[in-house]
Amino acid sequence: KQWYQRRVRGGEQTQKEKEELLKVLEELAGRLEHELRAVLIFWDNHSQDEEHSGFLTCVDFDGTIYDTTKYSALQAQQTYIYAKLYNCTDVYHTEETLASAKLGGEFLLRHAYRPADSRCNHSLTREGKPLSLRPDMVTEVYF
């Protein structure tokens, strides 16, 4: 906090303040990495729909699927995370991560995206049939 206040006022931070900030950032990075791994393990174990492709996103904390509706925005977000991790990190540049990205991407292209009007359906059945034909601008950001 002191370092931030000093920077806002235009002063320079001391070496000790730099070291303290670096320590805080390293601890935060470790916590974020731990949380990311936990989310990916959960997704890998409970979210991937090997039968119909894409992801089951209505999943309770214990892994129970409570709805098989596939919301295109959530499909796109999960696909983006896998693709970004595969393309931008060494740790996650694995065949498993790439396969997960493809699982979501193929589902989105095959079922969510509407080539006729270049829009995306908001929600789909587990098999990929449209439930809501209203356009989904959040999903379209990913295309």
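In the working numbering, each residue carries its 1-based index in the sequence shown increased by 359.
Glycine included, C-beta positions come from ideal geometry on N, C-alpha and C.
CB contact flag (residue i, residue j, <8 Å)
i: Thr-456; j: Tyr-445; result: yes
i: Ala-471; j: Leu-483; result: yes
i: Thr-427; j: Arg-485; result: yes
i: Leu-415; j: Ile-424; result: yes
i: Ser-431; j: Leu-467; result: yes
i: Ala-435; j: Ala-460; result: no
i: His-481; j: Arg-493; result: yes
Nearest to residue i (by Cα), restricted to the options the options
i: Ser-406; options: Glu-379, Asp-419, Arg-396, Gln-374; result: Asp-419
i: Ser-412; options: Arg-469, His-481, Leu-492; result: Arg-469
i: Val-450; options: Leu-395, Arg-390, Val-383; result: Leu-395
i: Asp-421; options: Glu-410, Glu-409, Val-398, Leu-381; result: Val-398
i: Gly-464; options: Glu-392, Asn-404, Glu-376, Gly-487; result: Gly-487
i: Asp-408; options: Glu-386, Ala-458, Leu-384, Lys-382; result: Ala-458
i: Ser-491; options: Lys-429, Phe-401, Asp-403; result: Lys-429
i: Trp-402; options: Lys-375, Thr-453, Leu-391, Cys-417; result: Cys-417
Range covered by the beta strand (DSSP E) that runs through residue i
i: Leu-483; result: 478-483
Start-to-end residues for the alpha helix (DSSP H) that takes in residue i
i: Asp-408; result: Segment: none, Asp-408 is in no alpha helix (DSSP H) and carries neither H nor E.
> Counting only runs that start and end within the stretch 412-469, where is the beta strand (DSSP E) found for 3 or more residues in a row?
Replying inline: 424-426
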